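K.L.:
Just so you know, the sequence shown maps onto residues 211 to 389 in my numbering.
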Amino acid sequence: MSILSFMTSNTPSEPPAFVCRDKEATQDAIAEYGRAERRVQEINADINRQVAALSAPYEGELATLKQRKAALAGGIQAWCEDNKASILPKGRKTARFLTGEVAWRAGRKTVEVTGEEKGIIALFKKKRLKRFVEIKESIKKAAILQEPEKIQGIEGIAIRKGEEAFAIRPFDMAADQAA
C-alpha cells in the first residue's frame with residue numbers, strides 16, 4: 211500500500227479539474243492515481259540510476275581532486291600564515307598574488323557563558339546590568355490543551371479544532387489488477 215498521500219484542505223479554493231460521477235468512477239480514479247504515483251516513483255528511480263551511471267566514471271578523479279585541493283589549501287595557508295606580515299599591505303586583510311588572492315576574515319563575535327548561568331545572572335542584577343538578562347513569559351499551549359475547561363470564559367484565547375484533511379492512499383499493484 212502506498213503511504214504517499216494527496217492532502218488538501220476541506221474547502222478547495224478552485225473546483226477540481228476532474229470530477230468522479232459515482233462510486234465506480236471513484237474506484238477507477240483511485241486505481242489510476244495509484245498507477246500514476248507508482249510511475250512517478252519508477253521515473254525518479256530511473257533518473258537516479260542514470261545519474262549514478264553518468265557520475266560513476268568520475269568518482270575516482272573527483273576524490274583525487276578533492277584530496278589534492280585539501281593538501282594545496284593546507285600548504286597555501288601554512289605558508290601565508292608564516293609570511294603574513296610580509297605579504298599583507300598595512301591594515302589590509304587580503305594578499306594578492308599573480309594567480310589569485312588569499313584573505314583573512316574575522317568571524318562574528320559570540321558570547322560564551324563559561325560559568326554558572328544563575329550566578330552570572332545574580333551578579334548582573336547586583337551590578338545593575340539587568341539589560342543583559344532576558345526574561346521571557348509565554349502561554350503554555352500544551353498545558354491548555356490538557357485542561358481546556360480552565361480557560362472557558364477567558365477572552366482572547368480559544369481552542370480551535372484541527373482542520374480536516376483529505377488523503378488518497380491507493381492500494382498496491384496486485385490490488386489494482388484484481389479490481
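The beta-carbon is built from N, C-alpha and C at its ideal position, and this holds for glycine as well.
The model shown is predicted, which means the values in this text are computed figures rather than measured ones.
Can you list, in chain order, the residues of its chain with a C-beta nearer than 7 angstroms to that of residue 371? Leave out the 5 residues immediately preceding and following it.
P.N.:
What you label residue 371 is simply residue 161 of the sequence shown in a count that begins at 1. Cβ within range, chain order: n/a, list empty.
K.L.:
Three or more beta-carbon pairs under 8 angstroms between the region 241-255 and the region 367-381, yes or no?
P.N.:
Yes, they touch.
K.L.:
Per DSSP, which residues does residue 304 bridge with? Please list them.
P.N.:
Numbered from 1 along the sequence shown, position 94 holds the residue referred to as residue 304. Per DSSP, 313.
K.L.:
Can you tell me which of the three DSSP states residue 342 falls into?
P.N.:
As a first step, residue 342 is located in the sequence shown; it is residue number 132 there, counting from the start. DSSP places residue 342 in helix when its eight states are reduced to three.
K.L.:
Are the beta-carbon atoms belonging to residue 290 and residue 305 less than 8 angstroms from one another?
P.N.:
The residue given as residue 290 occupies position 80 in the sequence shown. The residue given as residue 305 occupies position 95 in the sequence shown. Their beta carbons are under 8 angstroms apart, which means residue 290 touches residue 305 by this criterion.
K.L.:
Under 8 angstroms, do residue 312 and residue 286 count as touching if we go by C-beta distance?
P.N.:
For the purposes of this step, residue 312 is identified with residue 102 of the sequence shown, where counting begins at 1. For the purposes of this step, residue 286 is identified with residue 76 of the sequence shown, where counting begins at 1. Against a cut-off of 8 angstroms, the Cβ pair of residue 286 and residue 312 comes out as a contact.
K.L.:
Could you give the distance in angstroms between the alpha-carbon of residue 351 and the alpha-carbon of residue 366?
P.N.:
Within the sequence shown, numbered from 1, the residue matching residue 351 stands at position 141. Within the sequence shown, numbered from 1, the residue matching residue 366 stands at position 156. Cα to Cα, the separation comes out at about 13 angstroms.
K.L.:
Whose C-beta lies closer than 8 angstroms to the C-beta of residue 343 among residues of the same chain, with five residues either side of it excluded?
P.N.:
Here residue 343 refers to the residue found at position 133 when the sequence shown is read from its first residue. If we look at residue 343 and ignore the five residues flanking it on each side, its Cβ neighbours are 331, 334, 335.
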